[in-house]
Amino acid sequence: MTQPEIDLHPRPGDAIRKTTCYMCACRCGIDVHVKNGKVAYIEGNRDHPVNQGVLCAKGSAGIMQHNAPSRLRAPMKRVGPRGSGEFEEISWDEAYDIAASWLTPIRETDPSKLAFFTGRDQSQSFTSWWAQAFGTPNYAAHGGFCSVNMAAGGIYTMGGAFWEFGQPDWDRTKLFILFGVAEDHDSNPIKMGIGKIKANGARVVGVNPIRSGYNAVADDWFGITPGTDGLLILSLVHCLMKAGKIDLEYLRDFTDAPVLIDAREGPGQGLPLKDDDGHALVWCRREQRPRCFDAEDVDPDLNGAWLDGDVTHRTVFHAMAQKYLDPAYAPETVAEATGIPAPRIRALAAEIARVAFDEEIVLDREWTDFRGRKHTTMKGRPVSFHAMRGISAHANGFQTCRALHMLQILIGSVETPGGFRFKPPYPKPATAHPKPHCKVTPGAPLDGPHLGFVHGPEDLALKDDGSPARIDKAFTWENPMSAHGMMHMVISNAHAGDPYKIDTLFLYMANMAWNSSMNTSGTMKMLSDKDANGDYVIPHIIYSDAYSSEMVAYADLILPDTTYLERHDCISLLDRPICEAEAAADAIRWPVVEPDRDVRGFQTALIQLGAKLGLPGFVKDDGSAKFTDYADYMVSHERRPGVGPLMGWRGNGDETGRGAPNPNQLDRYIENGGFAISHIPDEAQFYKPWNMGYQNWAVGLGLYDKPAPYIFTLWSEPLRKFQIAAEGHGPRQPPDHLRDRIKATFDPLPIWWDATETHGQGGYDITALTQRPMAMYHSWGTQNAWLRQIHGENPLYLPTEIWTEHLFEEGDWAQVTSPHGEITVPVAHMPALNANTVWTWNAIGKRKGAWALQDDAPEVTKGFLLNHLIHELLPPKGDGLRWSNSDPITGQAAWFDLKVKIRKTAAPADGTTKPDLGHQTSPVGHGPAVLKWEVT
Amino acid sequence: MTSLPASTDKKLGLVIDLDTCVGCHACVTACKGWNTQNYGAPLSDIDPYGAAEGTFLNRIHAFQVEPDQGLAQTIHFPKSCLHCDDAPCVTVCPTGASYKRVEDGIVLVNEDACMGCGLCAWACPYGAREIDQAAGVMKKCTLCVDRIYNENLPEEDREPACVRTCPAGARHFGDLADPESAVSRLVATRDGVDLMPEQGTRPVNKYLPPRVKDSLQAPEMEGAEDILAPFLAPVAEEPKGFLKWLDTALEKL
Chain W
18 MTQPEIDLHP RPGDAIRKTT CYMCACRCGI DVHVKNGKVA YIEGNRDHPV
68 NQGVLCAKGS AGIMQHNAPS RLRAPMKRVG PRGSGEFEEI SWDEAYDIAA
118 SWLTPIRETD PSKLAFFTGR DQSQSFTSWW AQAFGTPNYA AHGGFCSVNM
168 AAGGIYTMGG AFWEFGQPDW DRTKLFILFG VAEDHDSNPI KMGIGKIKAN
218 GARVVGVNPI RSGYNAVADD WFGITPGTDG LLILSLVHCL MKAGKIDLEY
268 LRDFTDAPVL IDAREGPGQG LPLKDDDGHA LVWCRREQRP RCFDAEDVDP
318 DLNGAWLDGD VTHRTVFHAM AQKYLDPAYA PETVAEATGI PAPRIRALAA
368 EIARVAFDEE IVLDREWTDF RGRKHTTMKG RPVSFHAMRG ISAHANGFQT
418 CRALHMLQIL IGSVETPGGF RFKPPYPKPA TAHPKPHCKV TPGAPLDGPH
468 LGFVHGPEDL ALKDDGSPAR IDKAFTWENP MSAHGMMHMV ISNAHAGDPY
518 KIDTLFLYMA NMAWNSSMNT SGTMKMLSDK DANGDYVIPH IIYSDAYSSE
568 MVAYADLILP DTTYLERHDC ISLLDRPICE AEAAADAIRW PVVEPDRDVR
618 GFQTALIQLG AKLGLPGFVK DDGSAKFTDY ADYMVSHERR PGVGPLMGWR
668 GNGDETGRGA PNPNQLDRYI ENGGFAISHI PDEAQFYKPW NMGYQNWAVG
718 LGLYDKPAPY IFTLWSEPLR KFQIAAEGHG PRQPPDHLRD RIKATFDPLP
768 IWWDATETHG QGGYDITALT QRPMAMYHSW GTQNAWLRQI HGENPLYLPT
818 EIWTEHLFEE GDWAQVTSPH GEITVPVAHM PALNANTVWT WNAIGKRKGA
868 WALQDDAPEV TKGFLLNHLI HELLPPKGDG LRWSNSDPIT GQAAWFDLKV
918 KIRKTAAPAD GTTKPDLGHQ TSPVGHGPAV LKWEVT
Chain B
198 MTSLPASTDK KLGLVIDLDT CVGCHACVTA CKGWNTQNYG APLSDIDPYG
248 AAEGTFLNRI HAFQVEPDQG LAQTIHFPKS CLHCDDAPCV TVCPTGASYK
298 RVEDGIVLVN EDACMGCGLC AWACPYGARE IDQAAGVMKK CTLCVDRIYN
348 ENLPEEDREP ACVRTCPAGA RHFGDLADPE SAVSRLVATR DGVDLMPEQG
398 TRPVNKYLPP RVKDSLQAPE MEGAEDILAP FLAPVAEEPK GFLKWLDTAL
448 EKL
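Protein chains in written order, with this note's numbering: chain W, 18 to 953; chain B, 198 to 450.
As structure tokens, this is what we get:
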């Protein structure tokens, strides 16, 4: 028979517009095919440095996010009670009038009455600048409840961390070890990297309680007990040190391992010895005297000892040997706690040793280090690591992250070929970052940036009376090094009036009334709670989002954002750029289609509101608006002279990094596919913290103004300074109830302790986790007609041990309790799971009425949140104090310390998971009955 | 009944690497996007914001595997039409709508001739066909026949949408009739397999099996006989001895 004629050459669209994806935070380049002004197809941009043409499930489903029925349509003011979802659409002018009527008086009297926090924000250098101009100290993005431990642990230890700070040397690594990672981060680069190293024949090792996703393809899986990663890592350190499988040359030349520690009793004990200029001292082997670490001809002695009067100052490395060679870290000792048999721990350590030292890589590239010494080669130890929230979202997470970096450094695999490489603007040590600022002046800006890195008690954000300056209590004795703030404490503290009451809570893109809060039902009550006068305890709430999330119902005023295809954005070197290890790069979003609703990009709304409030920087001398919109800001704002949000095509169009604002800059970005890239010279691509080739290149690009080489700090001086304060030294003293905790946990060398102890009392002995699937991003995926068909339900997965012990069968339900709450949920069996861990997908469950879903959507009936079981505070200890469920060092929300009990229960009569938190009216109606989304 | 061609000039198909597929579903939505917009009726979704039942040409399944020895595993298994040489879905078709192309072996449905009877879906042992409820016609993987020859696409993009988008590089496209093609060589070196060969369908698509897992078990690691043991031979048992070793080692640097 004859075959039918078919059209083999359809055109996907009539134009391709290249912009940046925002289906998650990974910022891939996309080609948006547009047909008659409508989005017809989205695929990856082959030229883009992040994704090189590929695109994940979320990105490829972007068209369904762009057309989602949950999109907000116009500004709204609340007309029903908080939580009801009853709104009335208003004009932008009225919306700004309402906002100004709340914000103007508090700015004039006490700007700290505004708490402005942003969620999945990629414009923090801008939003923080706005908050600074307003004058409130109460600003942060969501890092505190996300992964601050990873970021801060890395920056304090080695001047950078994983993901956007750095990446494995995918082309050269031969052993890749992945510790607990949310499967949607760093979405495409990790998948591309795993594919690449597998094709190269390298080994992939996964350390994760759950064998899904990346761990499913790992050649070796270590199904660790949650929260014990630090213990496993320190055992690996023990094995490697004991075997001498460490890179002594690297430790000697590029780290503080040879730095001498003050042995004299008193307020300096345990701090690195320094000369009068603040340079750390090492013991010089050749001259047998203490000398500056960076002297040209110094020969640092890892085992140096300086007999100084009646004390002997010894090195950091000496302290490490004393600590980590202790049998407390032997594999046999840690096997039970970690759930990994001792022989497997040894096997992993031996494999690290074998690859690091028997498969050494040498590149013939000349370079010069910061001591002025020339090297003819670049030597690499091809073992690379990656980790994220799995190890950081524990109360011991900061020290665990530091332990992992210490392991990397011990084998000389940071910034060396085959190991882990920084991406510009990193390397950048904690000392090169700002310190937190909190000085409030009515009617005036804050005295500096809100967030930063503290280096001792003197940097804490405390008022003169010692009380917390910030509503979230970041940078206080409860969590001194909370570099990203503590968004998860804002609502709880504002409701409690602890440390003080606020007037207006202003949130952007953060679903705090649902999946982004611990203690979800409690948070919903706090948001709608009234005082004795019948007024809301939190008087005003402004919220901006593009979609009808659960949080919308709790706001008094809604500023509707655009979708990611309708907006300007800059993915900037000033905050979270898209750099690669071999290049600096930044990117833009631009409106590839125009909105069909009365919505404005949030940053544009903030600019317009800033002008209306007359904030400095947002108005000209005559009081008129300085910027028309965010696009104008992106091009014309200068943070320092010649340095602005975007690095590409500055000045007359041929300058990169530094140069005057160029009015045609955005056109040039669009012509180039939405991004700019500047390659790092070959001789500067490794050893960046110490490589003068890199340092000079970075100065040229404007990353910093003079070369800033540094050595890695295995010994944390800031941690020790807080310990010293807790020991009673110094003018700023912690409250007595925190002294012992600070002494125990602020060890200047990485340690491990069981952070789940408080949670586990009373027989709660099963760890419960969530993870994010690769095909969803937080709660966003649910409004996406395609993605929600992939992950529309989230059973609680149980390991064989628990499944058989409780005689569970397919289709069963369980009642799960924690010290804080109870949920009733469907269960499923998963053998490839740590024997004492249960888990589910994060943020699948939805509240009835949200996200424009129908009431019978499986997310509403079968989906659920684990958040109901997790409190933002620890169980009461009987001392009347509110102890936050956070890392005592950084304040990172300890999501993964949750402990539960499980029992089999009958399926609820209505077939719906419990608790049922009721219905909210959808301000946007519900989606259509059928989709046939062909764009013509 | 519809007949199959005696032979095809090429055997275009996919080689899917189960060792590398992380189960991310990128191929699923890239496929849905392209094929909603292109070949035939759009892939519809019924009750898309409620109980949701949509048409997909490619789906990922996840399996738990419990070997007799060793740790349990998770295997992600992408599944779409395998473009069989002996395609039972074609021979069963009462209208001739299902057919296998002579030039490249791609199995297609001529939607103009399809009456939506569903016999082909019953005949397919892989469950790789889905009836589109809105259009009432049978849908299946077209191997992006409207991409792979498409002169309106850049040459490098003339491959199926699922292959172009796969972040891990787990999907490969090519001519499996040509033993020298990259896909044929991949099948040869990685011992690629047919899915359910006992069905006698002679699928063109091949799967590359996962590599052996969890070899770092080393239960015998206690003894010196283990090949990795020398890498951890202690330089000293105590910190004091270790620091002595350190001095000697530093001398040698």
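Glycine residues also receive a C-beta, built at the ideal position from the N, C-alpha and C atoms.
Could you tell me if the beta carbon of residue i falls within a distance shorter than 8 Å of some heavy atom in the ligand FMN?
i	result
residue 713 (chain W)	What this structure holds is no ligand at all, so the ligand FMN is not there to describe.
Applying a beta-carbon distance threshold of less than 8 Å, which residues of chain W neighbour residue i?
i	result
residue 446 (chain B)	261 and 265
residue 455 (chain B)	This structure leaves residue 455 (chain B) out entirely; chain B is present only between 198 and 450.
residue 402 (chain B)	Per Cβ cutoff of 8 Å: no residues; residue 402 (chain B) is ~19 Å from chain W at best.
residue 346 (chain B)	25 and 26
By a C-beta neighbour count over all protein chains shown, 10 Å radius and 16 as the cutoff for buried, is residue i buried or exposed?
i	result
residue 844 (chain W)	buried
residue 130 (chain W)	buried
residue 246 (chain B)	buried
residue 299 (chain W)	buried
residue 137 (chain W)	buried
residue 898 (chain W)	exposed
residue 420 (chain B)	Because residue 420 (chain B) sits at a pLDDT of 49, beneath the cut-off of 50, its placement in the model cannot be relied upon, and the point is left open.
residue 996 (chain W)	Because chain W spans 18 through 953 in this model, residue 996 (chain W) falls outside it and cannot be assessed.
residue 319 (chain B)	exposed
residue 422 (chain B)	Reliability of the predicted coordinates at residue 422 (chain B) is poor, the pLDDT of 49 falling under 50, and no value is obtained from them.
residue 312 (chain B)	exposed
residue 529 (chain W)	buried
residue 551 (chain W)	exposed
residue 259 (chain W)	buried
residue 249 (chain W)	buried
Can you list the residues of chain B that residue i reaches, using a CB-CB cut of under 9 Å?
i	result
residue 388 (chain W)	Near residue 388 (chain W) there are no residues of chain B at all, since even the closest Cβ is about 15 Å away, more than 9 Å.
residue 175 (chain W)	Chain B residues near residue 175 (chain W): none, gap ~22 Å exceeds 9 Å.
What is the residue span of the beta strand (DSSP E) that residue i lies within?
i	result
residue 696 (chain W)	692 to 696
residue 147 (chain B)	With chain B covering only 198 through 450, there is no way to say anything about residue 147 (chain B).
residue 368 (chain B)	368 to 372
residue 133 (chain W)	131 to 135
residue 261 (chain B)	256 to 262
residue 411 (chain W)	No beta strand (DSSP E) contains residue 411 (chain W), which DSSP labels as neither H nor E.
Where do the ends of the alpha helix (DSSP H) carrying residue i lie?
i	result
residue 149 (chain W)	141 to 151
residue 441 (chain B)	436 to 449
residue 231 (chain W)	230 to 234
residue 429 (chain W)	Run containing residue 429 (chain W): none; DSSP gives neither H nor E here.
residue 820 (chain W)	817 to 822
residue 450 (chain W)	Taken as a continuous stretch (DSSP letters only), residue 450 (chain W) belongs to no alpha helix (DSSP H), as it is neither H nor E.
What in chain W is Cβ-close to residue i, meaning under 7 Å?
i	result
residue 408 (chain B)	236
residue 233 (chain B)	950 and 951
residue 396 (chain B)	None at all; the shortest Cβ gap to chain W is about 25 Å.
residue 266 (chain B)	Those do not exist, as residue 266 (chain B) stays about 14 Å from chain W at its closest Cβ, beyond 7 Å.
residue 298 (chain B)	20
In chain B, which residues lie with their C-beta within 7 Å of the C-beta of residue i?
i	result
residue 889 (chain W)	Within chain B, no residue comes near residue 889 (chain W); the closest Cβ sits about 32 Å away, beyond 7 Å.
residue 513 (chain W)	Those do not exist, as residue 513 (chain W) stays about 38 Å from chain B at its closest Cβ, beyond 7 Å.
So residue i contacts chain B; which residues on that side make the cut at Cβ distance below 8 Å?
i	result
residue 874 (chain W)	246, 247, 248 and 249
Run through chain W and tell me which residues come within less than 9 Å of residue i, C-beta to C-beta.
i	result
residue 352 (chain B)	Chain W residues near residue 352 (chain B): none, gap ~12 Å exceeds 9 Å.
**Prompt:** Are there three or more Cβ pairs, one per stretch, closer than 8 Å when the segment 242 to 260 of chain W is compared with the segment 111 to 125 of chain W?
**Reply:** The segment 242 to 260 of chain W makes no contact with the segment 111 to 125 of chain W; the number of CB pairs closer than 8 Å stays below 3.
**Asked** Which whole runs of the beta strand (DSSP E) in the segment 291 to 378 of chain W are 3 residues long or more, in chain order?
**Response** Along the segment 291 to 378 of chain W, the beta strand (DSSP E) occurs as fully enclosed runs of 3 or more residues at 298 to 301, 306 to 309, 322 to 325 and 328 to 332, listed in sequence order.
**Message:** Which complete beta strand (DSSP E) runs does the segment 159 to 239 of chain W hold, if anything under 3 residues is left out?
**Reply:** 183 to 185, 192 to 196, 220 to 224 and 237 to 239
**Message:** Assess contact between the segment 913 to 931 of chain W and the segment 166 to 176 of chain W, defined as three or more Cβ pairs (one per stretch) separated by less than 8 Å. Is contact present?
**Reply:** no
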